[in-house]
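Q: All residue numbers for the sequence shown refer to the working numbering, where the first residue is 364 and numbers rise by one. Can you keep this structure in mind? I'll have questions shortly.
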Amino acid sequence: MSQAQTNDASQARAGVRYRYGWPARLLRKLMFVDLSIKHKFLLLGVGTLFWFCALSFMGVAALTAIQYHYHQVAERLQPLQRSNTAALHELLLLEREAQLLVRADGSLNPATVQQLRHHAKNIRTVYTELGLRQTERQGTLVEGFVRSLADEHPASVEQVQQAIAMTDRIDQSINRFLLLPERQANGQNGNLAAMQQDLQTHLSNARSLVEEHGQLLDEESARVSEGIYQVIRYSVHTILMVLALASVLLVAFVYWIIRAFHQPITAVIGQIDALSTGEVDLAKKVSIRTDDEIGQLSDKFNQLVERVYGMTVYKKVIENDATLEDVYRRLGLVFEREIGIEHYTLYEVHPARNDMSVVFPPLVGDAKLHCDAAILADCTLCRAVKTGHRVSSFEFPGVCRRFEPDPGFAHVCTPMLAGGQTIGVTQMRFAIATNGAALDAGMSKKLFSANTYIEQSISVIEAKRLMATLRESAMIDPLTGLYNRRFLQEHTQQIISGVLRRKTQIGLLLCDLDYFKQVNDSYGHDVGDTLLKQTSQTLRNAVRDSDIVIRFGGEEFLVLLIDVNPGDSLAVAEKIRLAIEQMKVNINGETLRKTISVGVSEFPGDTDGFWQAIKYADVALYQAKDQGRNRVLRFAPEMWQQGEF
């Protein structure tokens, strides 16, 4: 991935945080959008536990309050109401008995007095026990605190005390009836009617007090019941509100988590399907919504898609490149611009010739070969070519003795393997520290990217090399190994353009073996083929490497002398004639010697038409044949009297 693409990805991640301004950033913080997945689910668990505990606490608090109010009813109000009812019952009996206290004759009824005393004792027992209970409850700190929270009516205690005091007065009135016989015996008179009226007054007051107390208890019971109802209502409403709020938050959080997972994962699956069919669409990148693991996954996947897209485009481009040189150059530029590898060398290996050559960057100017030059002549000296495995001085310093690095550099050589053979080597050099470690922290990532591009290039390089081999074999004469006439037809324009651009000459030497047919007739075609092979080798040895020797047809050969001065072609032709004259061909112990005739012309010195210049050389050749063979003849205008070619 290029530096520009990396910057785009960083800007995309930054856009998630800053494209909506500070309100969105605040909302994202409140919603914990950018938390990691682990923390999100931890937060979800903690939040669920919090609301569960809150609801449980509210339920327990409500039940506790309800239980306390019912405890009030059961432990305080109901005993008071029962006691009040019992006291009221006894008072009603007392009032009835008090009316029967005096007989019709005006005398006291002793049995009634005993009944009065019995009922009065019952009333005293009720209120005494009730008074003790109230006193004990009033003295308990916890119950006093709870009672103050419940806002109990304080008059209930006072009324119990008043009832006990009224009971004392009733007892005193009854005791007066019990002491009446004794007082009469002592000569003391008692007004029985007044005593009866006084007792009835006390009983009436006591009944009023008990009824008032009962009304007060009824009011307090109603208040407690209303309190229970209020607690239930408030508790239900509060629990429902909290439950609704918790549900809304839970649904929102779960929906957001599902959306945060579903959308990018669905997009990733869609892009994977597209990748599997070879349809890569950069317009359908996975949107980066968060900075958590899902956001990082989306970012990494977008980078992968960009890399795959880049690989796809790269392979299509090199497939359409015209030459291998273009492919090597493009691969080198990818190393420099896309991956960031500055120091590298691409080698092409020729297994058939057992040599290798530098293809990019070319060794021109100050460029230096960072290996022993002997590997160019013998590729088996290269460790990567010989083993077919990556050779790295980072893994083992000094692993390759042919590597000649600049100070402070180490190397990684990666072979290009195709069909079980090494067809090329990529040498990448990285700066190292004093301890031998790479200074570039991203070296491993760069090597991986480079190897990926190399793998994409190998099939194209192999195909283009095969096509070049086939094309070259179609232009090579299989018997002599020289170029054939097809080569001349395909490369004429290229040869002419170079010569015209450099303003030089091409010497055209059309050579023909003398009496070659006699060799085939006398010795057979096998000997003729041997003669042609040796003649071809002699011609190649007689000219420069930059010159081109072509088997023009049968025993005819065309030699193109590139970039010669006017008149130099004749001297080279004579050199060829002498070399052929001195050539000896051993045929079954017999030495065969032959001569050759050569016609010479020059382009564009003789004519501005290349094929016309070849015709002129052919005319000169036939003139040499006519003049006795074994000679060189330079074309002259008078040799061609037929007008334009």
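Glycine residues also receive a C-beta, built at the ideal position from the N, C-alpha and C atoms.
Taking Ile-911 as part of the beta strand (DSSP E), name the residues at either end of that continuous run.
A: 911-916
Q: With a threshold of 16 other CB atoms inside 10 Å of the CB of Pro-778, please say whether the residue is buried or exposed.
A: That one is buried.
Q: From the DSSP output, in three-state form, read off Ser-399 for me.
A: coil
Q: Are the region 976-988 and the region 924-931 touching, with three or more C-beta to C-beta distances below 8 Å?
A: No, the region 976-988 does not touch the region 924-931.
Q: With C-beta atoms as the reference, is Lys-809 less than 8 Å away from Ile-959?
A: no
Q: Counting pairs of beta carbons, one from the region 949-956 and one from the region 909-925, are three or more of them closer than 8 Å?
A: no
Q: For Thr-1022, which of helix, strand or coil comes out of DSSP?
A: Because the chain in this structure spans residues 364 to 1008, residue 1022 falls outside the shown range and cannot be described.
Q: Cα separation between Phe-540 and Met-558?
A: Taking the Cα positions, Phe-540 is about 8 Å away from Met-558.
Q: Rank Phe-998, Gly-799 and Ile-704 by C-alpha distance to the C-alpha of Ala-976 and give the top, closest one.
A: Phe-998
Q: Do Val-587 and Leu-440 come within 8 Å of each other at the CB atom, strictly closer than that value?
A: A Cβ-Cβ contact shorter than 8 Å links Leu-440 with Val-587.
Q: Residues in the same chain with beta-carbon distance under 7 Å from Ile-943, minus the five sequence neighbours each way, listed in chain order, please.
A: Thr-898, Thr-901, Lys-957, Thr-958 and Ile-959
Q: Does any CB atom of chain C fall closer than 8 Å to the CB of Leu-443?
A: The chain inventory of the structure shown lacks chain C, comprising one protein chain alone.
Q: For Pro-627, count neighbouring Cβ atoms within 10 angstroms of its own Cβ and tell me buried if that reaches 16, exposed if not.
A: buried
Q: What is the rounded straight-line gap between the Cα of Leu-895 and the Cα of Arg-670?
A: 56 Å
Q: For Gln-478, does the count of other Cβ atoms within 10 angstroms reach 16, so buried, or fall short, so exposed?
A: buried
Q: What would DSSP say about Ser-960, mapped onto helix, strand or coil?
A: strand
Q: May I ask you to verify whether the region 855-874 touches the region 732-746, counting CB pairs closer than 8 Å and requiring at least 3?
A: no
Q: Count Cβ pairs between the region 454-466 and the region 418-429 that sit closer than 8 Å; are there 3 or more?
A: no
Q: With DSSP as the reference, label Tyr-878 as helix, strand or coil.
A: Coil, per DSSP.
Q: Can you tell me whether Thr-491 is buried or exposed? The criterion is at least 16 other CB atoms within 10 Å of its CB, across all chains shown.
A: In summary, Thr-491 is exposed, with fewer than 16 beta-carbon neighbours lying within 10 Å of its beta-carbon over all protein chains present.
Q: Which word fits Glu-965, buried or exposed, when buried means at least 16 other C-beta atoms lie within 10 angstroms of its C-beta?
A: buried
Q: Grab the span of the alpha helix (DSSP H) containing Val-890 for me, first residue to last.
A: 888-905
Q: Quick one: any contact between the region 754-771 and the region 790-802, if contact means 3 or more CB pairs under 8 Å?
A: yes
Q: If you follow the beta strand (DSSP E) that Arg-864 is part of, which residue opens it and which one closes it?
A: For Arg-864, no beta strand (DSSP E) encloses it; the enclosing alpha helix (DSSP H) starts and ends at 848-865.
Q: If I'm right that Ile-913 touches Leu-851 with Cβ under 8 Å, what's the distance once you round it to whole angstroms?
A: Confirmed, about 6 Å.
Q: On the three-state DSSP scale, how would you describe Cys-416?
A: helix
Q: Using three-state DSSP, classify Gly-577 as helix, strand or coil.
A: helix
Q: Which residue marks the beginning of the beta strand (DSSP E) containing Ile-925, and which one marks its end?
A: 919-927
Q: Determine the direct distance from the alpha carbon of Asp-908 to that of Ala-736, and round the result to whole angstroms.
A: 21 Å
Q: Could you check if Ala-428 is buried or exposed, using at least 16 other CB atoms within 10 Å of its CB as the buried criterion?
A: buried
Q: Taking 8 Å as the cut-off, does the region 807-825 touch the region 674-687 (at least 3 CB pairs, one atom from each stretch)?
A: yes
Q: Less than 8 Å between the C-beta atoms of Ala-450 and Ala-528, yes or no?
A: no
Q: Going by C-alpha distance, which of Arg-480, His-565 and Val-617 is nearest Leu-405?
A: Val-617
Q: For Leu-463, which of helix, strand or coil comes out of DSSP?
A: Note: Leu-463 maps to coil in three-state DSSP.
Q: Less than 8 Å between the CB atoms is what I'm expecting for Asn-993 and Asp-877, so what's the real figure, rounded?
A: 6 Å
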